[in-house]
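Taking it in order: structure first as structure tokens, then the write-up.
Chains as they are written, first to last, in the working numbering: chain A, 2 to 808; chain B, 154 to 465.
Structure follows, in structure tokens:
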């Protein structure tokens with residue numbers, strides 16, 4: 002966190018000053034570890050074992066927050082007899098089909114019965130106990146290299162810092178997510194936090210640190226292929242009508258108002274053209290027919306299925322896993338538009354890239370027409386950032402962008418205008434969606450810059466009279482309201498840009514509701530009904546946050562209550578009620594069907610209802626817990642010729658390599674390797690190795706090393722550091738891990754090899770995130786070969802590993 | 154009260170009103186930096202903010218190389234680096250020392266695994282000390298004392314700055330600084346160092362490094378207030394078991410009369426590359442002048458005697 006979020010880390014420093022205990026679990030000792038009370042190095046890829054053992058510690062010791070667990074989670078749900086847990090299925094759950102590498106979750110659905118004593122052998126609580134019983138400190142040592150003493154210290158601290166009087170927060174970043182089991186890492190933490198009563202309460206929660214500014218915003222109003230704004234799913238080809246689409250979205254909790262959200266979105270996009278008669282132009286939305294994620298798209302490019310590609314502030318030639326494939330794919334395009342601050346590697350791959358150097362690509366044979374369009378930086382335009390707390394903060398434009406550089410908003414808006422002008426008068430059905438779009442924003446200045454505030458107002462939503470809405474409760478499903486993103490409704494309430502508020506913390510309550518604006522409804526902690534007991538009283542004086550005011554007949558407190566304001570704690574829903582009305586007065590998790598925190602997830606996950614440890618796609622160890630070694634449902638695109646057989650075994654690639662970032666640089670380097678002030682602070686790519694690995698392989702501090710995987714070989718300077726510690730695994734020997742920051746590429750003021758070339762195309766089955774935190778490699782002293790000899794080196798290793806040659 | 158400085162306090166010893174002594178009848182309180190290294194996260198925002206605000210020259214991209222000294226690629230304070238974050242790795246393994254080529258794996262695996270101790274041991278403590286170094290703005294600043302052109306001056310804030318338009322590049326100040334802070338630029342030979350953002354101070358703003366520091370490791374303010382804050386912080390750390398915490402440069406009775414920029418360290422000063430007991434290099438100037446004066450008098454007397462003794 003100190004490495005990549007130094008500004009946010011000030012609050013961890015502040016918490017420590019006030020007596021908080023900071024524990025850092027990370028393969029390497031970072032700037033975060035330097036300030037933590039305890040740093041524990043672990044093997045990458047062992048996180049479910051580590052977190053699962055903490056769950057086991059809580060459950061076997063009776064340390065769960067029993068009252069919270071019984072009332073607020075689905076611990077009491079009874080599962081059907083047909084359900085088979087991974088515990089009894091050698092690492093697989095019931096419903097697995099090896100042919101399709103997927104699960105049918107029919108046997109995971111609870112029966113509807115509940116046992117509030119949590120003693121029924123098939124209740125979630127008991128299933129959970131059995132499932133995690135094998136996650137012992139000894140197995141933590143085997144899978145993670147963490148000593149039982151360190152583990153016990155962490156477990157004891159966690160338990161003593163949870164309960165009525167205290168709470169614990171977990172903070173993670175891509176160290177948890179970029180795995181074939183990424184989603185399950187977060188799930189394991191969620192189970193732990195629910196058992197300890199650390200959700201919906203001040204000082205608790207699971208906090209996702211994002212990769213850079215407004216990544217949260219780009220999931221809320223998504224750049225993801227499978228979502229519409231506000232987490233509505235993208236329509237599929239069989240969604241032939243709005244009605245049909247809506248039946249696909251469950252009526253759970255506040256999703257019950259889904260029609261209002263979607264119809265208001267369509268009204269925001271298509272305006273007067275959207276009517277009840279034409280399904281509010283629902284037919285004009287694109288459809289998805291499967292995986293259209295980044296990695297699938299790249300493979301489609303290689304196959305020639307994709308002609309054109311827009312890159313907005315993204316540099317896949319350096320920043321995406323399998324960067325070599327990314328470049329080969331871009332070389333197959335007809336056209337490529339790169340919008341960035343400088344000419345990044347993705348705009349220059351056709352003349353300067355490792356493949357040009359090895360002769361695999363020749364400039365005169367690349368047909369891709371590359372358009373580089375200079376972009377304005379964040380200080381050269383107005384707009385919002387949405388941070389990890391779901392808080393929108395407006396930033397004002399400080400200066401004009403230089404020369405031809407324009408804001409992304411300018412580019413998208415004027416591109417749309419030009420396309421619409423070209424299509425004007427068209428009667429073709431396929432053009433109707435584009436022509437129906439509401440595309441009028443006030444323009445100002447010589448460059449006709451569209452007003453970003455007008456876009457935010459559209460996102461906030463308007464009523465039939467044009468009045469800006471005060472929140473999503475006002476949204477209607479009849480077409481009388483328009484709103485670009487239901488969860489953001491209220492960010493312009495009262496005609497005031499709420500996101501631009503900057504009242505100092507000294508002039509308001511400690512929750513600071515008048516700094517920016519947080520979705521939904523300016524609520525700072527989600528599900529905060531859980532900060533009060535089932536009767537609506539704070540769990541403790543120290544942790545009071547929102548509570549039921551019986552006299553006033555409403556919820557009140559320090560934050561905006563995340564609950565229907567007038568619904569009393571003892572409210573019991575009518576039988577057959579749907580949506581919010583189906584939730585009782587003590588059901589805090591209002592986006593869930595039953596209002597309960599999901600210890601057990603019966604629908605929505607591709608890899609099982611409970612987190613289960615699987616080894617990474619490439620690992621020097623076999624699974625210490627189950628017969629099933631790696632994730633049975635991870636996507637590796639095995640049939641694709643470009644990726645075929647690209648996973649390397651431990652005999653030839655004996656070491657673990659993990660990638661990460663440094664404070665001094667920004668992701669793929671386009672915003673830092675181009676600036677002298679930052680470039681000079683970390684001028685060269687380096688690998689971090691322990692003194693013992695350095696001795697083992699003859700690596701010298703400050704010298705060169707070549708790192709080889711089944712995909713590629715790169716060179717890096719060597720930093721020999723005691724901050725990287727070899728892990729002793731009982732019965733297995735010593736695991737050496739090599740650390741590689743991935744910021745370098747072939748353009749800019751300081752250049753270096755591209756670390757992402759080393760990584761495979763293998764992704765999590767839920768969200769299609771790549772496994773870039775762990776792979777296996779070899780390391781040798783000295784620089785890598787130049788020209789075709791580089792390919793020969795990679796091929797020699799592949800032959801030794803028994804891998805097929807694919808080119 | 155106007156402070157009447159003796160010759161001794163002008164060059165050495167306690168001096169409570171450094172600006173007054175420099176001739177400012179009316180002046181704001183002396184300001185300084187308290188750099189609390191116990192909360193430094195090594196982000197180098199101070200280095201970047203300093204270079205941006207003071208428009209320090211860009212490095213030559215062609216010469217940028219990894220230093221191999223942990224995460225420190227700035228290496229030292231210099232004419233164009235007025236803040237420098239040091240990174241010191243400590244721990245059970247033999248000093249991040251580069252493994253010598255002649256060692257067999259077993260030679261190094263031994264102590265390496267000894268660091269891990271037995272499988273059931275608690276992880277040994279690794280420390281990564283980070284500290285942002287800067288000009289100390291000494292109460293008794295030798296750089297200023299030796300400057301023949303008057304380029305180095307004491308400001309009304311009690312800080313020491315170089316007037317670049319007066320500096321003639323003689324470099325006396327470079328050898329006079331007990332900390333090795335002040336440095337000449339290769340191009341024109343003039344001397345440069347931290348000004349504590351004199352221009353910002355004049356405008357009522359805090360220095361750029363302190364403004365940019367996310368964890369308040371660099372604190373700026375009236376020196377007497379900072380000393381109180383720092384003493385309390387040491388007590389707080391001692392109470393929480395960090396018994397290594399100590400102040401460096403905070404004592405007005407030390408060899409430089411106390412630093413205007415002082416530090417909270419977690420180890421001996423030498424570990425951070427700081428001299429343990431810095432003494433203003435002009436401390437003995439009066440005595441030297443006395444001896445030199447005596448020698449000169451003797452010389453004059455000798456010459457006079459020689460002439461006096463000459464026969465007409």
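In this text, a Cβ means the ideal position worked out from N, Cα and C, and glycines have one as well.
- Scanning the region 491-531 of chain A from its first residue to its last, no whole alpha helix (DSSP H) run of 4-plus residues comes out.
- Collapsing the DSSP output to three states places residue 733/A in coil.
- Secondary structure of residue 615/A (DSSP, three-state): coil.
- Contact annotation: the region 329-345 of chain B does not touch the region 188-206 of chain B, with fewer than three C-beta pairs closer than 8 Å.
- Only residues of its own chain outside the window of five on either side were considered, and among them 59, 196 have a CB closer than 6 Å to the CB of residue 65/A, listed in chain order.
- Within chain A, not a single residue places a beta-carbon under 8 Å from that of residue 235/B; the smallest gap is close to 13 Å.
- Of 259/A, 547/A, 332/A, the smallest CA-CA separation from residue 357/A is found for 332/A.
- Excluding the 5 residues flanking it on each side, residue 110/A has same chain C-beta neighbours closer than 6 Å at 603, in chain order.
- Contact with chain B is absent for residue 733/A, since none of that chain's Cβ atoms lies less than 8 Å from the residue's Cβ.
- Restricting attention to 194/A, 734/A, 510/A, the CA atom closest to the CA of residue 159/A is found in 194/A.
- By the C-beta density criterion, residue 164/A is buried, having at least 16 other C-beta atoms within 10 angstroms.
- The shortest CA-to-CA distance from residue 287/A to any of 258/A, 234/A, 276/A, 307/A is the one to 234/A.
- Between the C-alpha atoms of residue 698/A and residue 54/A there is a straight-line separation of about 35 Å.
- As DSSP reads the structure, residue 707/A sits in a beta bridge with 716/A, 781/A.
- Relative to residue 367/A, the option among 729/A, 376/A, 509/A, 348/A whose CA is nearest is 348/A.
- Sequence-distant partners of residue 671/A (beyond 5 residues in either direction) whose C-beta falls short of 7 Å from its own C-beta, in its chain, are 316, 341, 342, 343, 345.
- Residue 592/A: not part of any beta strand (DSSP E); DSSP gives it neither H nor E.
- Going by C-alpha positions, residue 202/A is about 14 Å away from residue 588/A.
- Residue 407/B counts as buried, since at least 16 other C-beta atoms from the protein chains shown sit within 10 angstroms of its C-beta.
- In the displayed model, residue 111/A falls within coil according to three-state DSSP, outside both helix and strand.
- If you draw a straight line from the Cα of residue 391/B to the Cα of residue 39/A, it is about 18 Å long.
- For residue 96/A, the closest alpha carbon among the candidates 620/A, 105/A, 746/A is that of 105/A.
- In this structure, DSSP gives residue 267/A a helical state, which the three-state scheme calls helix.
- At a Cβ-Cβ threshold of 8 Å, residue 711/A and residue 785/A do not count as neighbours.
- Cβ neighbours of residue 364/A within its own chain (closer than 8 Å, five residues either side excluded): 351, 352, 357.
- About 5 Å separates the beta carbons of residue 630/A and residue 616/A, which is inside the 8 Å limit, making them a contact pair.
- For the options 488/A, 684/A, 767/A, 546/A, the alpha carbon positioned closest to that of residue 511/A is the one of 546/A.
- Residue 285/B places its beta carbon 8 Å or farther from that of residue 223/B.
- Checking the DSSP bridge columns, you'll see residue 771/A partnered with 764/A.
- Excluding five sequence positions before and after residue 440/A, the CB atoms of its chain that fall closer than 7 Å to its own CB belong to 417, 418, 421, given in chain order.
- A direct Cα-Cα distance of roughly 32 Å separates residue 36/A from residue 292/B.
- Ranked by how close their Cα comes to the Cα of residue 578/A, the residues 253/A, 464/A, 458/A have 253/A in first place.
- Residue 191/B counts as buried, since no fewer than 16 other beta carbons sit within 10 angstroms of its beta carbon.
- In the three-state reduction of the DSSP assignment, residue 294/A falls in the coil class.
- Under the Cβ criterion (8 Å, minimum of three pairs), the region 170-190 of chain A counts as touching the region 751-770 of chain A.
- Using a Cβ distance threshold of 8 Å, residue 304/B and residue 319/B count as a contacting pair.
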